[in-house]
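The sequence shown begins at 1 in my numbering and counts up by one. Glycine included, every Cβ here is placed at the ideal spot set by N, Cα and C. Model, not experiment: these values are computed from the prediction.
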Amino acid sequence: MTYLEGTTGRRRIYLMRHGHVDYLSDEVVQSKNPRLARLTPQGQEEANAAGQALAAIPFDILICSGLRRSRETATFVQDWQAGTPPELEDDPRFEELNSGTFIEFKSREQLAATMTFQFENADKPGATFLDGGEKFTDGRERAIAGLSALIDRPSWSNALIVGHEGINRVILSWFCNAGLNASVSFEQDTGCINILDVDLVPNGAGHTIERKLIKAVNLTPLNYEKHGMNLRSLEAIFHRD
Numbered sequence: 001m002t003y004l005e006g007t008t009g010r011r012r013i014y015l016m017r018h019g020h021v022d023y024l025s026d027e028v029v030q031s032k033n034p035r036l037a038r039l040t041p042q043g044q045e046e047a048n049a050a051g052q053a054l055a056a057i058p059f060d061i062l063i064c065s066g067l068r069r070s071r072e073t074a075t076f077v078q079d080w081q082a083g084t085p086p087e088l089e090d091d092p093r094f095e096e097l098n099s100g101t102f103i104e105f106k107s108r109e110q111l112a113a114t115m116t117f118q119f120e121n122a123d124k125p126g127a128t129f130l131d132g133g134e135k136f137t138d139g140r141e142r143a144i145a146g147l148s149a150l151i152d153r154p155s156w157s158n159a160l161i162v163g164h165e166g167i168n169r170v171i172l173s174w175f176c177n178a179g180l181n182a183s184v185s186f187e188q189d190t191g192c193i194n195i196l197d198v199d200l201v202p203n204g205a206g207h208t209i210e211r212k213l214i215k216a217v218n219l220t221p222l223n224y225e226k227h228g229m230n231l232r233s234l235e236a237i238f239h240r241d
């Protein structure tokens, strides 16, 4: 099917954030490489719950960023699909915003305090994700390029992208036709699901986006009502129970 049933030009993207990880695990700290972060038992539970919640969605395309935590999360969703699901694709355009050099911090609290306010000035000229990190504008540009390439692909109606908190915030701010300043308001709890529709008009070999629709944001299948989830998502990822 090319478009969602009952529509003449609508496609749906399920945009997820990966499940919980520990960026201060021995493996990450010793290697000084957050790209090696893997799902914790909590993250596996979140990813499995998301897969179960999405089990009835007949995905035509499954995409992850290629980073371990994203691929592990997407695999849970893939495993819940009926029949033979599509192969899982890597697209580095959906990788997390690059923070530059490894961040040396003395405590989880110090790291959480630093990360929490990273999006407050995302719309300022030249603003970067942490000192020496990727420019927010560059992250937005590559994410939109990835989305545009996906949207122009033929013969699909439902697609999954498993991304990351920062890049998802940037995508959501673009989807609501706002600037990067809107990214601060889009909480992305670990293992969350966003549901995004695009209405398309054929344009040569590709499509023109007529409108972008946000159907749902930051759904967490393990805890839909968010009971007890009182920390910001940027705080919670560094919090130890």
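Beta-bridge annotation (DSSP): ASP90 is paired with CYS64.
Within the same chain, and ignoring the five residues on either side of GLY51 in sequence, the residues whose Cβ sits closer than 7 Å to its Cβ are PHE76, VAL77, ASP79 and TRP80. Around the beta carbon of THR84, fewer than 16 other beta carbons lie within 10 angstroms, which makes this residue exposed. The three-state secondary structure of PRO202, taken from DSSP, is strand. Straight-line spacing of the CA atoms in ALA56 and ASN203 works out to 31 Å.
With a minimum length of 3 residues, the unbroken runs of beta strand (DSSP E) contained wholly in the segment 144-203 fall at 158-163 and 193-203. Counting only the Cα atoms, ASP197 lies some 16 Å from PRO154.
Counting the other Cβ atoms within 10 Å of the Cβ of SER173 gives 16 or more, which makes it buried. For LEU111 and GLY9, the gap between their C-alpha atoms comes out near 44 Å. For LEU111, the three-state secondary structure derived from DSSP is helix.
Beta-bridge partners of VAL21 (DSSP): LEU39. In its chain, beyond the 5 residues on either side, ASP189, THR190 and MET229 have a beta carbon closer than 8 Å to the beta carbon of ALA236.
Distance between ASN121 and ALA127, taken at the CA atoms: about 7 Å. Under DSSP, TYR14 forms a beta bridge with LEU160 and ILE195. In the DSSP assignment, the residues bridged to HIS207 are PRO202.
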